[in-house]
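In the numbering used here, the protein residues as written are 697 to 910.
To start, the structure under review is shown below, and the notes come after it.
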Amino acid sequence: VSFGDNPMTPVTLDEAAVRGYLGLARYEHLRQDRKDSVGTVTGLAWTEFGGETMDIEAVLMPTKGGLKLTGNLGKVMRESAMTAYSYIKSHAEQYGLDLALFEREMHIHATEGAVPKDGPSAGCALAVVMLSALSGRKVRCDRALTGEISLTGRVLPIGGVKEKSLGALRDGIATILVPQANIKDVEELNDAIKSKANYIYVSDVDTVIKEMLR
697 VSFGDNPMTP VTLDEAAVRG YLGLARYEHL RQDRKDSVGT VTGLAWTEFG
747 GETMDIEAVL MPTKGGLKLT GNLGKVMRES AMTAYSYIKS HAEQYGLDLA
797 LFEREMHIHA TEGAVPKDGP SAGCALAVVM LSALSGRKVR CDRALTGEIS
847 LTGRVLPIGG VKEKSLGALR DGIATILVPQ ANIKDVEELN DAIKSKANYI
897 YVSDVDTVIK EMLR
């Protein structure tokens with residue numbers, strides 16, 4: 697390579713060289729020791745830095761109470777959690793749940809608590825992790841999901857399909873649940889993404905549950 701009359705020495709850019717120029721990555725993308733478990737689900741977020749996976753945890757407490765939310769959640773995401781909780785509670789019989797379980801406090805936490813989180817697109821993930829904690833069923837660790845939900849269990853479209861897909865793939869998750877209404881967004885993705893990702897389209901919470909819980 698030359699620039700004007702000054703020839704330039706070829707440089708090979710590998711991972712170490714890039715780290716030397718740019719410094720350490722802002723975020724680590726680790727999926728070590730991940731396994732199917734009760735009360736943990738992998739959601740997807742769209743941030744100023746691109747798409748990211750987001751672990752959401754749920755624990756059913758022995759004490760009485762309602763829904764406790766932590767992890768620096770904004771108003772819309774908190775309302776999304778309430779919607780998911782009400783949906784699961786209203787379908788307790790369908791899912792084989794004793795209504796007495798809902799008298800106990802449920803603690804929901806989105807990890808990386810220093811990072812503000814908001815928006816409705818974690819609705820599907822919240823419904824899954826709540827039912828997991830209530831029923832004792834394990835959540836699939838090889839899948840990530842995104843989607844807003846309604847109080848009647850419809851799955852609504854979301855934004856950032858490309859970014860969220862890249863976030864999942866970066867963390868080694870190739871199977872992604874997305875709203876049926878976002879099918880056109882997936883079709884418009886480049887082949888490099890579509891060839892690596894396996895999309896499952898969902899239009900209702902019941903289908904999400906069937907795809908995500910063991």
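Ideal Cβ positions, reconstructed from N, Cα and C, are used throughout, including at glycine.
At least three beta-carbon pairs within less than 8 Å, the segment 842-854 to the segment 814-821: Three or more beta-carbon pairs separated by less than 8 Å link the segment 842-854 to the segment 814-821, which places the two stretches in contact.
For T738, the nearest candidate out of R774, S891, N894, I869 (CA to CA): Checking every option, the nearest Cα to that of T738 belongs to I869.
Closest by C-alpha distance to T871, when choosing among G770, V904, G832: The candidate whose alpha carbon is nearest that of T871 is V904.
Simplified DSSP state of T842, which is helix, strand or coil: For T842, the secondary structure class from DSSP, reduced to helix, strand or coil, is coil.
Sheet register partners of P875 (DSSP bridge): Beta-bridge pairing links P875 to V898.
Bridge partners - L827, DSSP secondary structure assignment: None; L827 has no bridge partner.
Cα-Cα separation, A810 to E775: Those two C-alpha atoms are separated by around 20 Å.
CB of M802 within 8 Å of CB of L756, strictly: Judged by their CB atoms, M802 and L756 are nearer to each other than the 8 Å cut-off.
Distance CB(M826)-CB(Y897) smaller than 8 Å: For M826 and Y897, no; Cβs fall outside 8 Å.
Beta-carbon spacing of T749, A888 below 8 Å: Going by C-beta atoms, T749 is not nearer than 8 Å to A888.
The alpha helix (DSSP H) enclosing E859, as first and last residue numbers: E859 -> alpha helix (DSSP H) spans 857-866.
Test item: CB-CB of V857 and D881 under 8 Å: Taking a C-beta distance under 8 Å as the contact criterion, V857 and D881 qualify as a contact pair.
Own chain partners of R730 with C-beta closer than 8 Å, once the 5 adjacent residues on each side are dropped: Counting only Cβ-Cβ distances below 8 Å, and skipping sequence neighbours, we find C837.
Counted within 10 angstroms of its Cβ, other Cβ atoms place L795 as buried (16 or more) or exposed: Exposed: under 16 other Cβ atoms inside 10 Å.
V874 vs Y783 beta-carbon contact at 8 Å: No, the Cβ-Cβ distance between V874 and Y783 is not below 8 Å.
Alpha-carbon spacing of A877 relative to E799, whole angstroms: Their Cα atoms are separated by approximately 35 Å.
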